[in-house]
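In this text, residue positions in the sequence shown follow our numbering: the first is 1, and each later residue adds one. We treat Cβ as the ideally placed atom computed from N, Cα and C, and that holds for glycine. Okay, so here's the structure we're looking at.
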Amino acid sequence: MRRHQQFLQLAELFDCVEDVVVWVKDRDGRYCWVNRAFLINYSLDEHDDRTSDDVIGKTDYDLSPDFLADQFRLDDESVLGGKRIVDRIEQVVQPDGQAVWSVTNKIPLVDDQGDVVGTAGITRKLVSPDQAIAPGSEFGPVLAHLRDHYHTTITNGRLARLAHMSVRAFERKFQAVFHLTPQKYLRKLRMRMASRALVSTGQTLAEVAAGCGFSDQSHFTREFRRHFGRTPRAYREHYARGDRADDAGLVPKTAADAQEATRPSPLSFSPGETSDGIVPL
Numbered sequence: 001m002r003r004h005q006q007f008l009q010l011a012e013l014f015d016c017v018e019d020v021v022v023w024v025k026d027r028d029g030r031y032c033w034v035n036r037a038f039l040i041n042y043s044l045d046e047h048d049d050r051t052s053d054d055v056i057g058k059t060d061y062d063l064s065p066d067f068l069a070d071q072f073r074l075d076d077e078s079v080l081g082g083k084r085i086v087d088r089i090e091q092v093v094q095p096d097g098q099a100v101w102s103v104t105n106k107i108p109l110v111d112d113q114g115d116v117v118g119t120a121g122i123t124r125k126l127v128s129p130d131q132a133i134a135p136g137s138e139f140g141p142v143l144a145h146l147r148d149h150y151h152t153t154i155t156n157g158r159l160a161r162l163a164h165m166s167v168r169a170f171e172r173k174f175q176a177v178f179h180l181t182p183q184k185y186l187r188k189l190r191m192r193m194a195s196r197a198l199v200s201t202g203q204t205l206a207e208v209a210a211g212c213g214f215s216d217q218s219h220f221t222r223e224f225r226r227h228f229g230r231t232p233r234a235y236r237e238h239y240a241r242g243d244r245a246d247d248a249g250l251v252p253k254t255a256a257d258a259q260e261a262t263r264p265s266p267l268s269f270s271p272g273e274t275s276d277g278i279v280p281l
């Protein structure tokens with residue numbers, strides 16, 4: 001108990017960092033703790049009496065458009081399975097509708113028995129194009145190149161030269177750091193950019209394909225279906241109707257998941273308890 005209270009005291013330091021959004025969720029995707037920048041990002045700090053308690057217990061579906069909430073949930077499912085998301089570059093939509101480049105990291109949280117009880121994440125804005133993405137890392141120039149040129153052909157040889165490594169050494173170290181191959185990292189970036197373009201713009205499928213680095217619309221359709229489980233056209237129609245991932249089976253449910261859902265989450269707060277309660281990390 002004492003260790004968890006100390007964590008919450010230390011977590012308040014994140015309120016002093018203006019452009020870093022930090023959060024903790026339980027297994028069901030409910031927010032258990034967020035920092036001040038999170039409230040600002042979601043325009044929840046407009047009144048002096050608004051605090052993180054206004055977010056506690058809510059999910060991404062209460063705060064974000066469904067297509068973004070579905071992607072966040074898919075992320076959570078992966079992280080709850082023990083995977084980490086490391087220095088992922090992505091565009092994050094602000095309350096005013098503007099999308100800004102950010103770097104995101106997410107990790108699983110475990111209890112004293114080693115069971116995964118929730119997730120934690122941190123997103124840092126890249127306020128200028130030349131801002132270091134991964135300070136102190138040889139992969140900073142690599143990630144910056146992927147961010148600026150994801151719509152073009154990018155080879156591992158080109159990325160290796162940016163990192164001042166041989167191709168073999170680059171591929172091995174990149175996968176060790178990011179838990180993805182360089183090309184898979186690039187494909188995931190392209191998929192996220194394409195999914196947002198499909199929902200938020202009126203571009204044709206061919207225009208989205210070309211703008212996100214696919215050789216043609218057929219290639220785009222195959223890759224998109226492999227990643228999201230549906231064609232780009234079906235994806236656009238799905239969110240035009242206001243559907244969600246769980247309604248369409250995008251997030252698989254197992255018998256273990258169903259059983260787990262009947263238990264109180266280890267990260268949940270008791271009735272009347274606030275974020276000053278205990279988070280078992």
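* Straight-line gap, Val177 to Val86 (C-alpha atoms, nearest Å) -> Here residue 177 is taken as the residue at index 177 of the sequence shown, counted from 1. Here residue 86 is taken as the residue at index 86 of the sequence shown, counted from 1. For Val177 and Val86, the distance between alpha carbons rounds to 7 Å.
* Using three-state DSSP, classify Asp19 as helix, strand or coil. => Along the sequence shown, read from residue 1 onward, the residue named residue 19 stands at position 19. Coil at Asp19, not helix or strand.
* Asked: Just how far apart, CA to CA, sit Val21 and Arg161?
  -> By 1-based counting over the sequence shown, the position of residue 21 is 21. By 1-based counting over the sequence shown, the position of residue 161 is 161. Computed Cα separation, rounded: 32 Å.
* Measure the beta-carbon distance from Leu198 to Tyr235 and round it to whole angstroms, keeping in mind my assumption that it falls under 8 Å. => Within the sequence shown, residue 198 is the residue found at index 198, counting from 1. Within the sequence shown, residue 235 is the residue found at index 235, counting from 1. At roughly 6 Å, the Cβ-Cβ gap stays under 8 Å, so Leu198 and Tyr235 are in contact.
* **Which of helix, strand or coil DSSP assigns to His47** => In the sequence shown, the residue the question calls residue 47 occupies position 47. Residue placement at His47 is poorly supported in this model, since its pLDDT is 49, which falls under 50; the coordinates are not used for a value here.
* Asked: How many Å lie between Asp148 and Ile89 at the Cα?
  -> The sequence position of residue 148 within the sequence shown is 148, counting from 1. The sequence position of residue 89 within the sequence shown is 89, counting from 1. Approximately 11 Å, taken between the alpha carbons.
* Asked: Can you tell me where the alpha helix (DSSP H) with Gly211 in it begins and where it stops?
  -> Counting from 1 along the sequence shown, the entry for residue 211 is found at position 211. Unbroken alpha helix (DSSP H) run through Gly211: Leu205 to Gly211.
* Look at the alpha carbon of Val167 and the alpha carbon of Thr181, and state the distance between them as a whole number of angstroms. => The sequence position of residue 167 within the sequence shown is 167, counting from 1. The sequence position of residue 181 within the sequence shown is 181, counting from 1. Between Val167 and Thr181, the C-alpha separation is close to 12 Å.
* Start-to-end residues for the alpha helix (DSSP H) that takes in Arg124 -> For the purposes of this step, residue 124 is identified with residue 124 of the sequence shown, where counting begins at 1. Premise fails: Arg124 lies in the beta strand (DSSP E), Val116 to Lys125, not in any alpha helix (DSSP H).
* Asked: Counting along the chain, where does the alpha helix (DSSP H) carrying Ile40 start and finish?
  -> Your numbering for residue 40 matches position 40 in the sequence shown. First-last of the alpha helix (DSSP H) with Ile40: Arg36 to Asn41.
* Asked: What whole-angstrom Cβ distance do Tyr239 and Met193 have, given they're in contact under 8 Å?
  -> For the purposes of this step, residue 239 is identified with residue 239 of the sequence shown, where counting begins at 1. For the purposes of this step, residue 193 is identified with residue 193 of the sequence shown, where counting begins at 1. The pair is not a contact, with the Cβ atoms about 16 Å apart (cut-off 8 Å).
* Asked: Can you tell me whether Gly57 is buried or exposed, with buried defined as 16 or more other CB within 10 angstroms of its CB?
  -> As a working mapping, residue 57 is identified with position 57 in the sequence shown. Answer is exposed; the Cβ neighbour count stays below 16.
* Count the other C-beta atoms from every protein chain shown that fall within 10 angstroms of the C-beta of Asp115, then say buried if there are 16 or more, exposed otherwise. => Here the question's residue 115 lines up with position 115 in the sequence shown. Exposed.
* Which partner residues does Thr104 have in the DSSP bridge list? -> Within the sequence shown, the letter at position 104 stands for residue 104. Beta-bridge pairing links Thr104 to Arg88 and Thr123.
* Counting only the same chain and skipping the five closest in sequence on each side, list residues whose C-beta sits under 7 Å from that of Leu63. => Here residue 63 refers to the residue found at position 63 when the sequence shown is read from its first residue. Cβ neighbours of Leu63 beyond the five flanking positions: Tyr42.
* Asked: Who are Val26's beta bridge partners in DSSP?
  -> On the sequence shown, residue 26 is found 26 positions in, with the first residue counted as 1. Looking at the sequence shown, residue 26 is not Val but Asp. DSSP output for Asp26 lists Gly118 as bridge partner(s).
* Asked: If we count the other Cβ atoms within 10 Å of its Cβ and call it buried at 16 or more, is Asp257 buried or exposed?
  -> Position 257 of the sequence shown holds residue 257. Reliability of the predicted coordinates at Asp257 is poor, the pLDDT of 42 falling under 50, and the value obtained from them is presented with this limitation in mind. It is exposed - the Cβ of Asp257 has fewer than 16 other Cβ atoms within 10 Å.
* Candidates Glu138, Glu77 and Thr59: closest to Ala163 by CA position -> By 1-based counting over the sequence shown, the position of residue 163 is 163. Considering only alpha carbons, the answer is Glu138.
* Complete runs of the alpha helix (DSSP H) confined to the stretch 164–237 [at least 4 residues] -> 167–178, 182–200, 205–211 and 217–228
* Which of helix, strand or coil does DSSP assign to Leu162? -> Mapped onto the sequence shown, residue 162 falls at position 162. Reduced to three states, the DSSP call for Leu162 is helix.
* To do: Would you tell me roughly how many angstroms separate the C-alpha atoms of Thr201 and Ile40, rounded to the nearest one?
  => Against the sequence shown, residue 201 aligns to sequence position 201. Against the sequence shown, residue 40 aligns to sequence position 40. So the two alpha carbons sit approximately 26 Å from each other.
* Asked: For Asp55, which of helix, strand or coil comes out of DSSP?
  -> For the purposes of this step, residue 55 is taken as the residue at position 55 of the sequence shown. Just to set this straight, residue 55 is Val in the shown sequence, not Asp. DSSP places Val55 in coil when its eight states are reduced to three.
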